[in-house]
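Notes follow the structure.
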Amino acid sequence: MMEPTAAALWLDSAFAEFDTAVLGAVHAIQQSSADAVLGPLARGLDLFGKAGLGLIVLGLVLASLSGTRRYGVAVLLALAIGALFTNVALKPLVGRDRPYADETRVLHQWWQEAGAETESDHSFPSGHTTAAMAAMAALFLLNKRKLWPCLIGAALMGLSRLYLVVHYPTDVIAGLLVGFLAAALAVWLLHYVPWFHQHA
């Protein structure tokens, strides 16, 4: 593990009780009979969200159809902005270790029990959650009638990251916020920047 940054140390200190309590509650569900359904669902969402590929495919499909082109462009643009914020800026800057990184902590044991894979990047914020919220919020902001499906999609992705113990709850919350900001910026660009408006 690399030496933690001041930001990572602050997050781990300020939100230690909250993060551990939420992950503990999720772990209790993981140990119940519900895991027969929730375990495969969480791992399926993990695969779908790898590098945002599932959501990129969604954006490309929507962009390829004349009736939904604007939605597809918004999704792809929001994903790109979210990736820049999360993977290029925040993850390296904050440098927070994954919950399972310290093998002496109970979180490492919970991660092993979840059967999750090792992630190659930092923990804050959640990239999967950022991408899911960016895509879903972009769709919502263009069609205000689709709020609940959008919220459910992003929430499920965030919860799956907790279920697999690959993120802290604060990582997921930050991912939701960054994803929404990315979507809002994407939709703003589509509305007010001529080049984006003409190509959407």
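Under the numbering used here, think of the first position of the sequence shown as 26, with each following residue one higher. All residues carry an ideal CB built from backbone N, CA and C; glycine is no exception.
Contact check, residue i vs residue j, beta carbons under 8 Å
{"i": "Pro-117", "j": "His-147", "result": "yes"}
{"i": "Phe-149", "j": "Asp-196", "result": "yes"}
{"i": "Ala-160", "j": "Leu-109", "result": "no"}
{"i": "Pro-124", "j": "Leu-202", "result": "no"}
{"i": "Thr-111", "j": "Thr-143", "result": "no"}
{"i": "Val-191", "j": "Trp-135", "result": "no"}
{"i": "Gly-183", "j": "Ser-145", "result": "no"}
Range covered by the alpha helix (DSSP H) that runs through residue i
{"i": "His-153", "result": "152 to 167"}
{"i": "Arg-170", "result": "No alpha helix (DSSP H) contains Arg-170, which DSSP labels as neither H nor E."}
{"i": "Pro-194", "result": "194 to 217"}
For residue i, the nearest candidate out of the options (CA to CA)
{"i": "Val-131", "options": "Ala-39, Glu-28, Asp-44 and Leu-36", "result": "Asp-44"}
{"i": "Leu-181", "options": "Tyr-193, Asp-71 and Ser-57", "result": "Asp-71"}
{"i": "Ala-157", "options": "Ala-59, Gly-107, Ala-61 and Asp-60", "result": "Gly-107"}
{"i": "Val-51", "options": "Phe-205, Lys-75, Leu-187 and Ile-177", "result": "Leu-187"}
{"i": "Phe-73", "options": "Pro-194, Asn-112, Leu-115 and Ala-179", "result": "Ala-179"}
{"i": "Glu-28", "options": "Ala-126, Ala-76 and Ala-114", "result": "Ala-126"}
{"i": "Arg-94", "options": "Leu-184, Leu-176, Glu-128 and Leu-167", "result": "Leu-167"}
{"i": "Ala-207", "options": "Ile-54, Ala-162, Ala-114 and Lys-75", "result": "Ala-162"}
{"i": "Lys-75", "options": "Leu-215, Ser-185 and His-133", "result": "Ser-185"}
Proximity test, residue i beta-carbon vs the ligand GTP heavy atom, cut-off 7 Å
{"i": "Arg-68", "result": "The ligand GTP is not part of this structure, which contains no ligands at all."}
ask   = Per the contact definition of three or more C-beta pairs closer than 8 Å, is the segment 94 to 104 in contact with the segment 203 to 214?
value = With the cut-off at 8 Å, the segment 203 to 214 and the segment 94 to 104 touch.
query = Does the segment 72 to 89 come close enough to the segment 100 to 109 to have 3 or more Cβ pairs within less than 8 Å?
reply = These segments touch.
query = Curious, which full-length alpha helix (DSSP H) runs of at least 4 residues does the segment 37 to 76 contain?
reply = With a minimum length of 4 residues, the continuous alpha helix (DSSP H) runs that stay inside the segment 37 to 76 are 41 to 55 and 60 to 74.
query = Do three or more CB pairs link the segment 119 to 131 to the segment 29 to 44 at distances below 8 Å?
reply = Contact holds: three or more Cβ-Cβ distances are below 8 Å.
ask   = Are the segment 133 to 148 and the segment 51 to 70 touching by the rule of at least three beta carbon pairs closer than 8 Å?
value = Counting Cβ pairs under 8 Å, three or more are found: they touch.
message = Ignoring anything shorter than 4 residues, give me the alpha helix (DSSP H) runs that lie fully in the segment 63 to 149, in order along the chain.
response = Note on the segment 63 to 149: whole alpha helix (DSSP H) runs with a minimum of 4 residues are 78 to 89, 94 to 108, 116 to 119 and 131 to 139, in chain order.
The segment 85 to 96 / the segment 187 to 201 touching (three or more Cβ pairs under 8 Å) = Using a Cβ-Cβ distance cut-off of 8 Å, the segment 85 to 96 and the segment 187 to 201 are not in contact, since fewer than three pairs of beta carbons, one from each stretch, lie closer than that value.
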